[in-house]
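In the numbering used here, the protein residues as written are 4 to 419.
A virtual CB, placed ideally from N, CA and C, is assigned to each residue, including glycine.
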């Protein structure tokens with residue numbers, strides 16, 4: 004239980020590689036088989052090796068990876084006998100950055116005390132992941148894993164994991180929540196207190212060059228203690244945990260103010276929530292979340308199916324929040340299934356008005372199955388009329404009216 008990478012490096016990696024003066028991966032990899040990383044792993048050497056393995060195994064399971072998907076881990080990938088060639092004076096020239104350039108995403112493995120976010124090289128790695136790579140043509144992914152109370156690996160994943168899509172997108176938000184709900188609340192709350200400017204380093208020069216790289220300053224200058232770029236990274240990390248931990252915090256009776264501050268302050272473009280069947284998600288909670296959504300949101304996925312405590316008040320607040328962010332919204336995925344008495348014409352018309360403001364909408368998915376008692380033909384016509392206005396930008400439109408009778412329009416999901 005005590006073995007960490009500092010031990011492993013001293014007792015295994017360096018003795019095994021001394022004769023050949025090479026990286027451990029060079030010692031064990033098959034000749035002629037390039038180890039191109041699919042995932043870059045950011046972590047602290049002081050965590051238990053066994054916990055690290057459990058987290059990576061859980062990530063493999065959730066992402067449905069295969070033996071052909073390689074992970075880049077610095078202890079094994081860098082030559083521990085010649086680190087000067089891998090850890091360059093300019094972080095952008097380091098082996099870490101080069102590995103990230105070819106990877107699909109970063110997996111952060113968090114220890115229980117979240118020391119990972121206190122190490123300066125880990126700080127640089129999340130900077131590259133969340134800020135430097137933010138505008139890459141293909142989205143660079145960011146997943147965060149740790150050990151839960153049952154001693155199992157569990158992670159907050161960027162978007163939907165392949166295992167979340169077991170039954171298609173219709174249940175993806177629900178399965179995502181179910182998979183992530185054992186993520187330790189204490190770890191999430193510690194992560195939300197991140198202050199990257201306090202990052203520590205074994206080498207003073209590393210702290211200097213990395214903080215300056217993040218701030219966009221001369222690498223050899225004395226680093227400033229506070230900078231706008233530091234806070235940009237802090238707020239982005241906090242927002243990832245805020246969204247991932249929101250339901251657990253709400254149902255656990257936590258003070259939601261820090262979650263609201265973290266989410267609303269960040270430049271996060273893609274957020275997902277599942278409150279399906281949540282008794283705690285009432286009008287007050289819905290209004291609070293609606294006001295907390297990032298201002299420049301591009302993709303919003305929300306499952307409010309069978310949230311019996313919700314009324315038109317909560318839905319109207321959410322619709323208004325979407326309407327105010329309409330110019331940037333490209334993907335809207337709303338599940339309102341089973342709200343037989345609360346999904347009224349008023350609610351649907353408010354949603355229709357919000358959709359009409361989403362002038363750049365590319366994908367729209369609405370699940371209204373089972374909303375049969377309060378939704379009428381008039382509400383449906385208003386919704387379809389506003390959707391017609393967005394058809395010039397819409398690439399995909401899916402509408403689920405199962406178990407609804409609107410003059411014969413009800414039935415299985417329809418895609419356009």
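Beta-ladder partner(s) of residue i, from DSSP
| i | result |
| --- | --- |
| residue 304 | 275 and 336 |
| residue 156 | 150 |
| residue 403 | 370 |
| residue 51 | 7 |
| residue 42 | 74 and 108 |
Residue i, buried or exposed, once every other Cβ within 10 Å from all chains shown has been counted against 16
| i | result |
| --- | --- |
| residue 399 | exposed |
| residue 58 | buried |
| residue 21 | exposed |
| residue 330 | exposed |
| residue 71 | exposed |
| residue 6 | exposed |
| residue 186 | buried |
| residue 169 | exposed |
| residue 183 | buried |
| residue 233 | buried |
| residue 179 | buried |
| residue 18 | exposed |
| residue 419 | Low confidence applies to residue 419: its pLDDT is 44, below 50, so where it sits in the model is not reliable, and the reading given next is rough at best. Exposed, by the Cβ-count rule. |
| residue 111 | buried |
| residue 411 | Caution is warranted here: a pLDDT of 47 is assigned to residue 411, below 50, making its placement in the model unreliable, and the coordinate value is therefore given only provisionally. Looking at its Cβ environment, which holds fewer than 16 other Cβ atoms inside 10 Å, residue 411 is exposed. |
| residue 258 | exposed |
| residue 8 | buried |
| residue 313 | buried |
| residue 210 | buried |
| residue 317 | buried |
| residue 250 | buried |
| residue 36 | exposed |
| residue 13 | exposed |
| residue 86 | exposed |
| residue 341 | buried |
| residue 158 | buried |
| residue 150 | buried |
| residue 30 | exposed |
heavy atom of the ligand FMN below 8 Å from residue i C-beta
| i | result |
| --- | --- |
| residue 124 | As presented, the structure is devoid of all ligands, the ligand FMN included, so that no description of it is given. |
Inter-residue CB distance, residue i and residue j (contact presumed, cutoff 8 Å)
| i | j | result |
| --- | --- | --- |
| residue 28 | residue 38 | 6 Å |
| residue 1 | residue 83 | In the structure as shown, the chain starts at 4 and stops at 419, and residue 1 therefore has no counterpart that could be examined. |
| residue 241 | residue 269 | 7 Å |
| residue 50 | residue 114 | 4 Å |
| residue 181 | residue 160 | Not quite, the Cβ-Cβ distance comes to about 13 Å (not below 8 Å), so this is no contact. |
| residue 223 | residue 200 | So it is not a contact: roughly 18 Å between Cβ atoms. |
| residue 294 | residue 324 | 7 Å |
| residue 40 | residue 212 | Incorrect: roughly 23 Å between the Cβ atoms, too far for contact. |
| residue 374 | residue 343 | 6 Å |
| residue 304 | residue 275 | 4 Å |
| residue 279 | residue 254 | Incorrect: roughly 12 Å between the Cβ atoms, too far for contact. |
Test: residue i CB closer than 9 Å to a CB of chain C
| i | result |
| --- | --- |
| residue 351 | In the structure shown, chain C does not exist; there is a single protein chain. |
Closest Cα partner of residue i within the set the options
| i | options | result |
| --- | --- | --- |
| residue 266 | 334, 214, 256 and 243 | 243 |
| residue 353 | 319, 115 and 278 | 319 |
| residue 263 | 192, 218 and 405 | 192 |
| residue 24 | 217, 80 and 75 | 80 |
| residue 359 | 153, 338 and 386 | 386 |
| residue 61 | 340, 226, 166 and 284 | 166 |
| residue 403 | 390, 213, 380 and 368 | 368 |
| residue 32 | 295, 75 and 308 | 75 |
| residue 338 | 287, 175 and 45 | 175 |
| residue 306 | 177, 229 and 206 | 177 |
| residue 281 | 252, 235, 112 and 105 | 252 |
| residue 361 | 371, 326 and 205 | 326 |
| residue 297 | 69, 316, 309 and 245 | 245 |
| residue 205 | 43, 322 and 90 | 90 |
| residue 103 | 117, 122, 129 and 86 | 129 |
| residue 225 | 235, 207, 396 and 44 | 207 |
| residue 141 | 370, 380, 106 and 125 | 106 |
| residue 288 | 230, 321 and 363 | 321 |
| residue 202 | 303, 236, 189 and 219 | 236 |
| residue 381 | 351, 371 and 188 | 351 |
| residue 216 | 340, 123 and 116 | 123 |
| residue 370 | 148, 173 and 196 | 173 |
| residue 44 | 97, 65, 30 and 108 | 108 |
| residue 378 | 364, 357, 401 and 345 | 345 |
| residue 117 | 132, 197 and 69 | 197 |
| residue 332 | 136, 365 and 311 | 365 |
| residue 271 | 292, 137 and 347 | 137 |
| residue 309 | 121, 285 and 66 | 285 |
| residue 65 | 164, 363, 10 and 315 | 164 |
Please list the segments of the beta strand (DSSP E) lying wholly inside the region 311-342, counting only runs of 3 or more residues, in order along the chain. Fully enclosed beta strand (DSSP E) runs of 3 or longer: 334-338.
At which residue ranges does the region 98-155 contain complete beta strand (DSSP E) runs of 3 or more residues, listed in the order of the chain? 108-112 and 144-150
Tell me the start and end of each unbroken alpha helix (DSSP H) in the region 171-227 that is at least 4 residues and wholly inside, in chain order. 175-183, 188-194 and 207-218
Uninterrupted alpha helix (DSSP H) stretches inside the region 242-291 (no shorter than 4 residues): 260-268
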